[in-house]
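Worksheet: the structure to be examined is printed underneath.
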Amino acid sequence: MTRLGIPILPHIINALILTAAFSAGNSYVYCASRSLYGLALEGKAPRFFVKCTNKGVPIYCVTFVLLIALLAFLQVSQGTAVVLSWFVSLITASQLVNYCVVCCTYVCFYRALKAQGISRDSLPYKAYLQPYAAYYALGATFIFALIGGYTVFLPGNWDVPSFLFSYTSVAAFPILYLGWKVLHKTKIYPPNKVDLKQDLEEVEEYTRNYIPQPPRNGFSKWFNILFS
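Here it is, written out as structure tokens:
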């Protein structure tokens, strides 16, 4: 755009990119802090994370999540492109592990439904191509999580930071999972013993009594139409 001699458009693009980045960061800080809060409520994270302000904000969770942003200062001693590639590797591996677990969870859920004679037609939503889509996604995400940083194993390409950012999430998951199982002596239930109706009454009651809030103004109305 600069070579084409368009003076204002590059600034507009920069503003849009910054807005999108801030929006994504705001969203993920919210999701990550509330996930950490939920883990603390279940006893799967340190108890002090349940501390909230008078308005219900889990202050310690938000602070901890925001501290992760300090990793951005790595670019002070390293090239920006290098640090960006580290973050991309870390986030990609984490997302692949996350979706791998989601697919595995669905396969277990599907097996439990089948073992207990519960038809998927009775569910509020039934996805197509299941369970084959879940098997395909599980295999794909598992393979890509393992080979995501394969280049560091090529001759002459070994780099400790790149290896750590590519495989820390992959290695941390089984350690945390097995560590929790051993320490808390939890067990894996067979499909016919899985409780598929836990908290179902509360969810159905909430659904029956839910009253949607009307939009505050015209902007909220159109925003809800577009994004909800």
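The sequence shown begins at 8 in my numbering and counts up by one. Even for Gly, the Cβ is constructed at its ideal location relative to N, Cα and C.
- Per DSSP, the unbroken alpha helix (DSSP H) holding Y35 starts and ends at L16 to L48.
- Ranked by Cα distance from V201, the first of F180, G124, S169 and G156 is G124.
- Under the Cβ criterion (8 Å, minimum of three pairs), the region 198-217 does not count as touching the region 50-70.
- By the C-beta density criterion, A152 is buried, having at least 16 other C-beta atoms within 10 angstroms.
- In this structure, L97 lies near F172, with their beta-carbon atoms less than 8 Å apart.
- Annotated as proximal: A141 and C110, with beta-carbon spacing under 8 Å.
- Residue environment for L203: exposed (fewer than 16 other C-beta atoms within 10 angstroms of its C-beta).
- Taking C-beta atoms under 8 Å as the contact rule, F170 and V177 fail to qualify, at a distance of about 11 Å.
- Within the model, the alpha-carbon separation for F29 versus I75 is close to 15 Å.
- Inclusion of S40 and V89 in the CB contact set at 8 Å is not warranted, their separation being larger than that value.
- Here A100 is near G155, since their CB atoms are less than 8 Å apart.
- Our two residues, L78 and L190, have alpha carbons roughly 31 Å apart in a direct line.
- Ranked by how close their Cα comes to the Cα of R54, the residues L43, T60, K62 and N61 have L43 in first place.
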